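Trainee: The structure follows.
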Amino acid sequence: MASSMISSATIATVNRSSPAQASMVAPFNGLKSASAFPVTRKANDDITSLASNGGRVQCMKVWPPLGKKKFETLSYLPNLTQEQLAKEVGYLLRSNWIPCLEFELEHGFVYREYHRSPGYYDGRYWTMWKLPMFGCTEASQVLAELEECKKEYPNAFIRIIGFDNRRQVQCISFIAYKPPAYYA
């Protein structure tokens, strides 16, 4: 009830707008007629000439669905180099997120095997490599753990994730290593 009460001084202030304020915003009069705008039409009905880049329209294949799986963030890019991985982990640490490594031995992506209901997918949960790296301050520490995980599980997909411990959410996740068998 208290939220619906407005003082009479507030109402008086709203009703007393100056003429300058009243003319600043025009009232909405509806949509304008299309006949008021100039019309430019091409005589040529060939749709390949509609491109504005000076060339013919080219259809681009966005993602081949067979033989290429899309994994996590950045998966559409070529594999990250060690320097690029270090920069990504540096960003993760500068954002005050907790780094953690996870690995998956079988698929490395979500799939449907045991259930067909909507919203259910297998492969969403990966095995954690050690505990989250609380107190980690250097990207080199995370990359050293990545190398250890590669040695222990050379045929696993490995991803680096970052947790925000204040919001209790996972903020970043990307594939750091794909097994050699994936490329065969």
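Residue numbers (the numbering used here): 51 to 234. Even glycine gets a Cβ: it sits at the ideal position worked out from N, Cα and C. Values in this document were obtained by computation on a predicted structure and should not be read as measured data.
(1) Are the beta-carbon atoms of residue 149 and residue 186 separated by less than 7 Å?
(2) Could you spell out where the alpha helix (DSSP H) holding residue 194 opens and where it closes?
(3) Taking just the CA atoms, how far does residue 203 sit from residue 230?
(4) Can you give me the C-alpha to C-alpha distance between residue 206 and residue 146, rounded to a whole angstrom?
(5) Around the Cβ of residue 194, are there at least 16 other Cβ atoms within 10 angstroms (buried) or fewer (exposed)?
(6) Quick check on residue 156: does DSSP put it in helix, strand or coil?
(7) Shortest alpha-carbon distance to residue 181 belongs to which of 210, 130, 128 and 225?
(8) Please list the terminal residues of the continuous beta strand (DSSP E) segment that includes residue 217.
(9) Can you tell me where the beta strand (DSSP E) holding residue 177 begins and where it ends?
(10) According to DSSP, simplified to helix, strand and coil, what is residue 127?
(11) Kindly indicate the opening and closing residues of the alpha helix (DSSP H) around residue 230.
(12) Residue 209 bridges to which residues according to DSSP?
(13) Count the other CB atoms, across all protein chains shown, that sit within 10 Å of the CB of residue 227; report buried if there are 16 or more and exposed otherwise.
(14) Keeping to the same chain, check which residues put their C-beta closer than 6 Å to that of residue 183; ignore five residues upstream and five downstream.
(15) Report yes if the CB atom of residue 156 is closer than 7 Å to the CB atom of residue 178, and no otherwise.
(16) If residue 219 sits next to residue 139, beta carbons under 8 Å apart, how far is it from one beta carbon to the other, in whole angstroms?
Mentor: Once the coordinates are examined:
(1) yes
(2) 189-202
(3) 12 Å
(4) 28 Å
(5) That one is exposed.
(6) Shown here, residue 156 sits in coil according to DSSP, grouped into three states, outside any helix or strand.
(7) 210
(8) Per DSSP, residue 217 belongs to no beta strand (DSSP E) and is neither H nor E.
(9) Its beta strand (DSSP E) spans residues 177-179.
(10) coil
(11) First-last of the alpha helix (DSSP H) with residue 230: 230-233.
(12) 152 and 225
(13) buried
(14) 149
(15) no
(16) At roughly 18 Å, the Cβ-Cβ gap does not stay under 8 Å, so residue 219 and residue 139 are not in contact.
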